[in-house]
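Asker: Read top to bottom, the protein sequences are chains A and B. The working numbering numbers the first residue of the first sequence as -2 and each following residue consecutively. The working numbering numbers the first residue of the second sequence as 637 and each following residue consecutively.
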Amino acid sequence: MKQKIREFIFNELIFVAEPENFSDDDDLLEAGLDSMGIMRLIMHMEEQFNITLPDSEIDPDNVKSFNALEQWILQHKT
Amino acid sequence: MNIATPFFQQCAQTPDKPAFIEENSSITYAEFKTQIEKVATFLKKQQIQNQCVAIALDRGIDAATCIYGVLQTGAIYLPLDIKNPVTRLTTIINDAQPSFIIGKGPAPDWLEKSDSWLDISQLLLTDAESYLPVQVNSTDLATILYTSGSTGNPKGVALSHQALLNFSRWTSATFNLDQQDRIASLAPFHFDLSIFDLFSSLATGASVYFLPSRLSLSPSRLTAWLSEYKITTWYTVPSLLSFIALKGALATTPLPHLKRILFAGEVFPSQHLIKLADLLADTELYNLYGPTETNVCCYWQVERQRVTAERTIPIGDAACGAQLTMDNETGELLVKSLNNFSGYWQQGKLQSFNAEFYPTGDKVSLNEQSEFLYHGRLDRMLKCSGYRVEPAEIEQCINQLNNIESCAVVGIKDQTSGQRPAAVIVLKNNAKLAETIKPLRQQLAPYMQPCKFVVLDALPSLSNGKTDYQAIQNLFKKT
């Protein structure tokens, strides 16, 4: 799952020079993920993993790293 | 008249009204006046009329105090984006040559002339003398806003007191701002949208609420915040409004107090605007248009029944008393307005712009209702998250890296809104892309970072030898 999110973020939303050195805890917001990027990411994840992510949970804490994103998705996967 | 004067006049009417509210503090009109006078009393002794003073503070009450304090002494304020990489800040400071830089705490290490640094907390200890803003000529400069430059370096757009006053008066009158209004402010002060938040507001007795930056990444908390503070007026960018329309829980967070939203900076994707207009059925929506050099020169009040997903909305009719014409051959919009900039600030002084009409570089046409429609740029300028970005500035940064043979930057369309820069690069000495471009992170502002890189053996060129940007664009469409 994290690999799929990685691919989408690094191919579509932000560019990092060495993605293999970007850890699952590194800060995506500092790396350039912004409000437009978050919106596209959420729509993509909802479609890809067939889940609904509540608007009320969209927050820097849930999207700041790959680990945070995975946690967030797992909470909504039944 | 000094652009600070309307606030002083208003202060006499509404001394006890809150002027600015931020997360943990607020300040009334009368208290704000005292704070301004402390800064102004200190600065006045330095004899800086018509000189430039940079402000290196985050958006908030302290920065607003400095801006008004600088203006009161007849000096020019230059808001710095303290989130900019140090190299860009240094470039701007070296070009602007400010007499002083006001910040917080001791001078930062990167500052070459540390004796020009002033600590805001020290300034606020000054014994204030009460006096009215210094008389200025209407053409004297009030502010310098640095934007991306097509020569590869940032350039300062210099705006006069008259230009700001004309804008402030037009907005107050057109949008009927008054003492009951509560204005949300999110735009950083180096972005021209902030002129509304700083001046149109306090000239009318309204209160300004600084929206916490982190809420721009939490759409439903942002709408809850708008609701909690009963915000009536907000001037912002379409990308954020799209985020709120789609993910802001507006269906369950009614905003009955929100009288009007003004937006500018980029094209609002129509399908998102329709959504927003449906969810905020009673809020007036206005599309404002104009490059920093003219501030707002054109506007359209959104007529909901006329917005369709297939077409972009008009930019409308002349605003701020502007006179608009179109170049017959190119379709370029030309603007004559009291709002117009005085020229570019370069190497510590003004290079006057003396033409009557400012050529915007934007292609327009007229529709059946004689409203202007926007059709994009005639040159290579991009709009990224509302910021204008000159590909030449990014190219210059890339070309200065090691092992770069050549490069070209184009805009690729983002699905949700606006554009993103993308770069093609030709490398030397068998260099690796990742290693080569690593330093860019420290050199370019986040909205200027290319979102994609492609390595080529040579840049595609036209038969005349010039770079074929169209071919490069097409390259990114395929990837």
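Backbone N, C-alpha and C fix where the C-beta goes; we use that ideal spot for every residue, glycine too. From a predicted model like this one, the values you see are computed outputs, not experimental measurements.
Output needed for residue 1032 of chain B: all residues of its chain with C-beta closer than 6 Å, excluding positions within five of it in sequence on either side, in chain order.
Answerer: 788
Asker: For the alpha helix (DSSP H) holding residue 1033 of chain B, just list the boundary residues, first then last.
Answerer: Segment 1027 to 1035, the alpha helix (DSSP H) holding residue 1033 of chain B.
Asker: List the DSSP bridge partners of residue 1061 of chain B.
Answerer: B:1043 and B:1091
Asker: Are the C-beta atoms of residue 1064 of chain B and some chain A residue less than 7 Å apart?
Answerer: no
Asker: Given this structure, state the Cα-to-Cα distance separating residue 1042 of chain B from residue 938 of chain B, to the nearest angstrom.
Answerer: 45 Å
Asker: Rounded to the nearest angstrom, how far is the Cβ of residue 869 of chain B from that of residue 817 of chain B, given a contact under 8 Å?
Answerer: With a beta-carbon spacing of about 5 Å, residue 869 of chain B and residue 817 of chain B fall inside the 8 Å limit used to define contacts.
Asker: Between the C-alpha atoms of residue 29 of chain A and residue 1098 of chain B, what's the straight-line distance to the nearest angstrom?
Answerer: Residue 29 of chain A and residue 1098 of chain B: Cα-Cα distance of roughly 34 Å.
Asker: Closer than 9 Å by beta-carbon distance: list the chain A residues that pair up with residue 1074 of chain B, in chain order.
Answerer: The contacting residues are 14 and 15.
Asker: With 7 Å as the limit, tell me which residues of the segment 42 to 65 of chain A have their beta carbon closer than that to any beta carbon of chain B; keep them in chain order.
Answerer: 52, 53, 55, 56 and 57
Asker: Identify which residue in B:887, B:704 and B:749 has its Cα closest to the Cα of residue 726 of chain B.
Answerer: B:749
Asker: Note down, in chain order, every chain B residue with its Cβ under 8 Å from the Cβ of residue 24 of chain A.
Answerer: None at all; the shortest Cβ gap to chain B is about 12 Å.
Asker: Consider the Cβ of residue 20 of chain A: report whether some Cβ of chain B lies at a distance smaller than 7 Å.
Answerer: In terms of beta-carbon proximity, residue 20 of chain A stays away from the interface with chain B, with every pair separated by 7 Å or more.
Asker: With a threshold of 7 Å between beta-carbons, can residue 36 of chain A be considered close to chain B, or not?
Answerer: yes
Asker: Residue ranges of each beta strand (DSSP E) run of no fewer than 3 residues wholly in the segment 925 to 1013 of chain B, ordered along the chain?
Answerer: 934 to 937, 959 to 962, 968 to 972, 979 to 982, 985 to 988, 994 to 1002 and 1008 to 1013
Asker: If we require 3 or more residues per run, which beta strand (DSSP E) segments fall completely within the segment 790 to 821 of chain B?
Answerer: For the segment 790 to 821 of chain B, whole beta strand (DSSP E) runs of length 3 or above, ordered along the chain, are 791 to 796 and 818 to 821.
Asker: Is residue 755 of chain B helix, strand or coil by DSSP?
Answerer: strand
Asker: Does DSSP classify residue 779 of chain B as helix, strand or coil?
Answerer: strand
Asker: Establish whether the CB of residue 823 of chain B and some CB of chain A are separated by less than 7 Å.
Answerer: no
Asker: Could you spell out the range, first to last residue, of the beta strand (DSSP E) harbouring residue 871 of chain B?
Answerer: In the DSSP assignment, residue 871 of chain B falls within the beta strand (DSSP E) that extends over 869 to 872.
Asker: Exposed or buried, which one is residue 652 of chain B when buried takes at least 16 other CB atoms within 10 Å?
Answerer: exposed
Asker: Name the one or two DSSP bridge partners that residue 1103 of chain B has.
Answerer: B:1097
Asker: Using 8 Å as the threshold, is the segment -2 to 5 of chain A in touch with the segment 843 to 851 of chain B, meaning 3 or more CB pairs across them?
Answerer: no
Asker: Residues bridged to residue 664 of chain B by DSSP?
Answerer: B:654
Asker: Leaving out five residues on either side along the sequence, give the residues of the same chain with a beta carbon under 6 Å from the beta carbon of residue 710 of chain B.
Answerer: These residues qualify, in order along the chain: 685, 770 and 772.
Asker: Consult DSSP for residue 875 of chain B and reduce its assignment to one of helix, strand or coil.
Answerer: In this structure, residue 875 of chain B counts as helix in the three-state DSSP scheme.
Asker: Could you give the residue range of the alpha helix (DSSP H) that holds residue 850 of chain B?
Answerer: Taken as a continuous stretch (DSSP letters only), residue 850 of chain B belongs to no alpha helix (DSSP H), as it is neither H nor E.
Asker: Could you tell me if residue 1056 of chain B is buried or exposed, where buried requires 16 or more neighbouring beta carbons within 10 angstroms of its beta carbon?
Answerer: buried
Asker: List, in chain order, every chain A residue whose beta-carbon is nearer than 7 Å to that of residue 882 of chain B.
Answerer: Result: 36.
Asker: Which term fits residue 645 of chain B, buried or exposed, when burial requires 16 or more other beta carbons within 10 angstroms of its beta carbon?
Answerer: It is exposed - the Cβ of residue 645 of chain B has fewer than 16 other Cβ atoms within 10 Å.
Asker: Please report how far the alpha carbon of residue 971 of chain B lies from the alpha carbon of residue 959 of chain B, in whole angstroms.
Answerer: 6 Å
Asker: Where does residue 671 of chain B fall in DSSP's three states?
Answerer: Secondary structure of residue 671 of chain B (DSSP, three-state): helix.
Asker: With distances taken Cα to Cα, identify the nearest neighbour of residue 914 of chain B among B:826, B:944 and B:956.
Answerer: B:944
Asker: Quick one: give me the first and last residue of the alpha helix (DSSP H) that residue 643 of chain B is part of.
Answerer: 641 to 649
Asker: Can you give me the C-alpha to C-alpha distance between residue 54 of chain A and residue 853 of chain B, rounded to a whole angstrom?
Answerer: 11 Å
Asker: Anything in chain B within Cβ reach of residue 39 of chain A, meaning under 8 Å, just list it in chain order.
Answerer: What residue 39 of chain A touches in chain B: 883.
Asker: Can you name the residues of chain A whose CB is closer than 7 Å to the CB of residue 1050 of chain B?
Answerer: Result: 33.
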